[in-house]
Amino acid sequence: MLDALLADTNFSIPLLAGLLVLKPVMTAASLGSGLVGGTFAPALFVGANLGALYCKSIEWISDWFVSAVFKTLGAIPASALSGSIPIAGPPAYAMVGMAAVLAGMFRAPLTACLLLFEMTRDYRIILPLMAGVGISAWIADDSGPMARATAPQYAEKREGPSPLYLGIRPDAEFRSVATRLMVRDAISSLKPLFLDAQQSAGEALECLRERDRACILVTRTETTPRIMGLVTIQDLLRAKNEYGSLQTVVLRDVCSSDFQLISEDEPLVRALDILESQSMPLLPVTFSDTSEERSYTETPNGAPFASSVAGAPIQICGFVDLSSIERAVQLSRLLTEPSQTEAS
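Per numbering that gives the first Met the number 0, the sequence shown starts with residue 0, numbered consecutively.
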């Protein structure tokens with residue numbers, strides 16, 4: 000069929016229009032059902048069909064216009080118009096259509112131009128070929144999913160990793176706002192996870208996967224509950240490489256004991272400095288001595304958790320991470336901007 004289009008076989012407009020609709024439907028059905036085939040050849044066919052249909056439509060409109068002029072003004076104006084607008088044959092339009100659809104589908108305008116020029120070896124087709132490919136690539140880039148994702152009206156709806164997680168250091172304004180805030184203002188709504196030090200690393204991995212968390216606090220409950228360390232996915236990967244199986248390793252042997260705690264009444268910028276300097280995924284937050292409201296963090300079995308460091312009981316009220324810090328700073332900016340505008 001593609002060879003027939005390029006060989007200037009006479010196809011009617013209804014047939015070309017029907018094929019233009021039928022081919023994408025059959026290609027989608029083939030791909031969806033798992034049959035053998037791709038999208039390259041269908042793209043060439045649809046492009047050639049579209050180009051030939053465009054040429055046939057232009058010829059039909061031109062003949063209709065000349066006929067209307069003949070009926071209205073006579074034979075002389077009609078004969079003058081009939082040869083004044085030269086129209087290339089359907090194969091030329093089919094070639095341009097093939098290149099245009101190829102460039103739009105695969106985002107490869109230069110490849111489409113070179114491929115179709117190599118097929119024709121005709122320099123006269125270069126300009127229309129480049130025009131069709133350029134317009135197709137522009138439409139695809141301007142209306143595709145990437146263009147919608149970068150549009151201003153969708154900017155606030157995009158979700159992605161925090162800039163702080165990407166290693167981008169906060170600017171002076173960010174740190175200034177974090178200096179005015181307290182740690183309690185950025186406590187995450189997610190509760191930290193606690194597992195006993197005698198539980199296996201395999202259980203920790205399953206817990207991280209089910210709860211979608213970055214790390215687990217490892218506790219020891221011989222007398223007074225006490226935080227022994229943190230276990231992250233990186234710790235579990237190292238344990239798997241070292242021991243082979245995570246089911247035979249207990250958390251006491253794989254947890255990282257070099258962690259810090261921070262009080263809820265300390266400046267938020269200090270928590271930010273600790274997370275950045277030690278590359279910790281989260282920082283446990285303790286109640287301050289003067290705090291009146293107590294909401295205990297729950298362990299997996301539902302009991303409130305109290306930790307003890309150096310003999311002093313410590314009550315964990317939550318944790319902060321880079322995402323919760325950024326959210327608190329952005330919220331503070333939004334709340335202070337209206338008052339600054341009114342003052343000015």
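Just so you know, even glycine gets a beta-carbon here, dropped at the ideal spot from N, CA and C.
Please read all numbers here as calculations on a predicted model, not as lab measurements.
**Request:** Could you tell me which of S262, L216, Q277 and P283 sits nearest to R251, measuring between CA atoms?
**Result:** Out of S262, L216, Q277 and P283, L216 has the C-alpha closest to the C-alpha of R251.
**Asked** With 16 other CB atoms within 10 Å as the buried threshold, where does I226 fall?
**Response** Burial call: buried.
**Request:** Out of A111, A196, A185 and Q246, point me to the one whose CA is closest to D264's CA.
**Result:** Distances from the alpha-carbon of D264 to those of A111, A196, A185 and Q246 put A185 closest.
**Whole-angstrom distance between A99 and W137, CA atom to CA atom** = About 11 Å.
**Message:** For L5 and A40, I'd like the C-alpha separation in whole angstroms.
**Reply:** Each residue's Cα considered, the two are about 14 Å apart.
**Item:** Ranges of the alpha helix (DSSP H) found wholly within the stretch 48–99, counting only runs of at least 4
**Value:** Counting only runs of 4 or more, we get 74–81.
**Request:** Look up R251 in the DSSP assignment and say whether it is helix, strand or coil.
**Result:** DSSP places R251 in helix when its eight states are reduced to three.
**Request:** Kindly indicate which residue of G88, L115 and L18 has the alpha-carbon position closest to the one of L101.
**Result:** Comparing Cα-Cα distances from L101 to each of G88, L115 and L18, the minimum goes to L115.
**Request:** Identify the continuous alpha helix (DSSP H) that holds I232 and give its terminal residues.
**Result:** If you look at I232, you'll find it in the alpha helix (DSSP H) that goes I232 to Y242.
**Nearest residue (CA-CA) to S331, options D257, V20, A51 and R179** = Out of D257, V20, A51 and R179, the CA that lies nearest to the CA of S331 is found in R179.
**Prompt:** Given F173, which residues of its chain have a CB within under 7 Å of its CB, disregarding the five upstream and five downstream residues?
**Reply:** For F173, where only same-chain residues beyond five positions count, the Cβ hits under 7 Å are V328.
**Asked** So, does the CB of V284 fall closer than 8 Å to a CB anywhere in chain B?
**Response** Of the chains in the structure shown, none is chain B; there is only one protein chain.
**Prompt:** Considering only C-alpha positions, which residue in the set W59, S56, C254 and L21 is nearest to A42?
**Reply:** Among W59, S56, C254 and L21, the Cα nearest to that of A42 is on L21.
**Asked** From L282 to Q314, what distance separates their C-alpha atoms?
**Response** Here the alpha carbons of Q314 and L282 stand approximately 14 Å from one another.
**Message:** Just list the residues that DSSP pairs T218 with in beta bridges.
**Reply:** Per the DSSP secondary-structure output, T218 pairs in a beta bridge with D195 and I226.
**Asked** Would you report the Cα separation of V182 and V248, rounded to the nearest angstrom?
**Response** In this model, V182 and V248 are separated by some 35 Å (Cα to Cα).
**Request:** Would you mind working out which of S61, N9, G31 and G37 sits nearest N48, comparing C-alpha positions?
**Result:** Among S61, N9, G31 and G37, the Cα nearest to that of N48 is on N9.
**Message:** Among the candidates D272, L34, Q197 and I124, whose CA atom is the shortest distance from the CA of S175?
**Reply:** Selection D272, L34, Q197 and I124 evaluated against S175 yields D272 as nearest (Cα-Cα).
**Asked** For F258 versus V284, is the C-beta spacing smaller than 8 Å?
**Response** No.
**Item:** Residue from P13, K70 and V253 whose Cα sits closest to the Cα of S56
**Value:** That would be P13, whose Cα lies nearest to the Cα of S56.
**Request:** Excluding the 5 residues preceding and the 5 following G228 in the sequence, name in chain order all residues of the same chain whose CB lies nearer than 7 Å to its CB.
**Result:** Contacts found: V217, C254, S255, S256 and F258.
**Request:** Count the C-beta pairs between the stretch 229–236 and the stretch 193–211 that are closer than 8 Å, then say yes if the count reaches three, no if not.
**Result:** Yes, since at least three Cβ pairs between the stretch 229–236 and the stretch 193–211 fall closer than 8 Å, the two stretches touch.
**Asked** Just reading off the alpha helix (DSSP H) that V35 is part of, what are its end residues?
**Response** Counting along the chain, no alpha helix (DSSP H) covers V35, and no H or E run does either.
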